[in-house]
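Participant: Under the working numbering, the first residue of the sequence shown is numbered 1118, with each subsequent residue one higher.
Below is one structure. I have some questions about it.
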Amino acid sequence: MEFFLARDYHHKFRFFSSEPFQQTKMEFSRLKKIWAAARQKLMLLPPRILRQEQAFGNISRIKTNEISIYFSGKDSERKIRILFFLFLQKQKTKHLFLLIIETILLPVSGLMAMIPGPNVFFGILALIMITHWQAFRGINRLGKKTLSFTSSVSLKEWEQTLAKKDPTAFPAALKKIEQEFGLNDIQKILYK
């Protein structure tokens, strides 16, 4: 599994992996209807957010202590290490805040069970909490791993294209990234 740190169309860092997006797997026979509806609602979130959450969650599954992250090479490795540390701290704070809010909303969602039909609100909230918790754990573990940053020509071309602000050149630059790393739908993460 390969990891990437690249700026998106809005010049914000995105962390993602080469693994294709997978829905969170939860199987409860009694609550199957609720989980199916909740998964559909979760899929309405932007792919760049879902892929980043999944990438953070995937860190927990990696057994090795060293993780290689591809970056553009536009900035020095020292600067990218500092930016990545700040990025992780921001993500950690954001996820902690979201988990606190979701924990406060959880009892309220339980009251929705009095309404006839499946309690989709509870299912959605629980699924989002699971996703945020997995990402939060991954962020914590990522901070403890040995990180090696590898520059990539195609990611550098992408960031140079962003600096030029020429939207007609974006698809070609994104196609080069897809070809170099065998990624699919990279435009959903970095462009749209």
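C-beta atoms are modelled at their ideal positions from N, C-alpha and C, and glycine is treated no differently.
Please read these numbers as outputs of a predicted model, since none were measured by experiment.
DSSP on Ile1186, reduced to helix/strand/coil?
Facilitator: Against the sequence shown, residue 1186 aligns to sequence position 69. Three-state result, Ile1186: strand.
Participant: Evaluate His1212 with the Cβ neighbour count: other Cβ atoms within 10 Å of its Cβ, from every protein chain shown; 16 or more gives buried, anything less gives exposed.
Facilitator: The sequence position of residue 1212 within the sequence shown is 95, counting from 1. Buried: at least 16 other Cβ atoms inside 10 Å.
Participant: Excluding the 5 residues preceding and the 5 following Thr1278 in the sequence, name in chain order all residues of the same chain whose CB lies nearer than 7 Å to its CB.
Facilitator: Position 161 of the sequence shown, counted from the start, is the residue given in the question as residue 1278. Contacts found: Ala1286, Phe1287 and Ala1290.
Participant: Alpha carbon to alpha carbon, how far is Leu1216 from Ala1312? Give it in angstroms, no decimals.
Facilitator: This structure cannot speak to residue 1312, because the chain is shown only from 1118 to 1309.
Participant: How far does the beta strand (DSSP E) with Thr1263 in it reach, from first residue to last?
Facilitator: As a first step, residue 1263 must be located in the sequence shown, where it is residue number 146. Where Thr1263 is concerned, the enclosing beta strand (DSSP E) stretches over Thr1263 to Ser1268.
Participant: With a threshold of 6 Å, establish whether the CB of Glu1274 neighbours any heavy atom of the ligand ATP.
Facilitator: As far as ligands go, the structure on display features none, and thus does not contain the ligand ATP.
Participant: Mind checking which residues open and close the beta strand (DSSP E) that includes Arg1178?
Facilitator: Reading the sequence shown from its first residue, position 61 is the one you call residue 1178. Careful: Arg1178 lies outside any beta strand (DSSP E) and carries neither H nor E.
Participant: Which of helix, strand or coil does DSSP assign to Ser1134?
Facilitator: Residue numbering aside, residue 1134 sits at position 17 when the sequence shown is read from its first letter. Correct three-state label for Ser1134: strand.
Participant: Decide if Arg1134 is buried, meaning its Cβ has at least 16 other Cβ atoms within 10 Å, or exposed.
Facilitator: In the sequence shown, counting from the first residue as 1, residue 1134 sits at position 17. Note on identity: in this sequence residue 1134 is Ser, with Arg being the wrong assignment. The residue in question, Ser1134, is buried, as its Cβ has 16 or more Cβ neighbours within 10 Å.
Participant: Report yes if the CB atom of Thr1263 is closer than 7 Å to the CB atom of Asn1175, and no otherwise.
Facilitator: Taking the first residue of the sequence shown as 1, we reach residue 1263 at position 146. Taking the first residue of the sequence shown as 1, we reach residue 1175 at position 58. No; because the gap between Cβ atoms is not below 7 Å, this pair is not in contact.
Participant: Could you tell me which of Leu1223, Leu1203, Arg1168 and Gly1299 sits nearest to Ala1252, measuring between CA atoms?
Facilitator: Start at 1 with the first residue of the sequence shown, and residue 1252 comes out as number 135. Per the Cα distances, Arg1168.
Participant: Taking the alpha-carbon of Lys1273 as reference, which of Phe1202, Gly1190, Ser1185 and Phe1132 has the nearest alpha-carbon?
Facilitator: One-based indexing of the sequence shown puts residue 1273 at position 156. Of the listed residues, the one whose Cα sits closest to Lys1273 is Gly1190.
Participant: According to DSSP, is Leu1300 helix, strand or coil?
Facilitator: The residue given as residue 1300 occupies position 183 in the sequence shown. If DSSP states are grouped into helix, strand and coil, Leu1300 belongs with coil.
Participant: Hey, is Glu1170's beta-carbon within less than 7 Å of any beta-carbon in chain D?
Facilitator: Among the chains in the structure shown there is no chain D, since it carries only a single protein chain.
Participant: Return the first residue and the last residue of the alpha helix (DSSP H) that Glu1194 is part of.
Facilitator: Residue numbering aside, residue 1194 sits at position 77 when the sequence shown is read from its first letter. Note, Glu1194: alpha helix (DSSP H), Glu1194 to Leu1228.
Participant: Looking only at its chain, what residues have a beta carbon closer than 6 Å to the beta carbon of Gln1304, apart from the 5 residues adjacent to it on each side?
Facilitator: Start at 1 with the first residue of the sequence shown, and residue 1304 comes out as number 187. Only Leu1291 meet the Cβ criterion.
Participant: When the Cα atoms are used, what is the spatial distance from Ile1306 to Lys1209?
Facilitator: Translated into the one-based positions of the sequence shown, residue 1306 becomes position 189. Translated into the one-based positions of the sequence shown, residue 1209 becomes position 92. Cα to Cα, the separation comes out at about 20 Å.
Participant: Measure the C-alpha to C-alpha separation of Phe1202 and Glu1194 and round it to an integer number of angstroms.
Facilitator: Start at 1 with the first residue of the sequence shown, and residue 1202 comes out as number 85. Start at 1 with the first residue of the sequence shown, and residue 1194 comes out as number 77. In a straight line, the C-alpha of Phe1202 is about 12 Å away from that of Glu1194.
Participant: Decide if Ser1265 is buried, meaning its Cβ has at least 16 other Cβ atoms within 10 Å, or exposed.
Facilitator: Numbered from its first residue, the sequence shown carries residue 1265 at position 148. It is exposed - the Cβ of Ser1265 has fewer than 16 other Cβ atoms within 10 Å.
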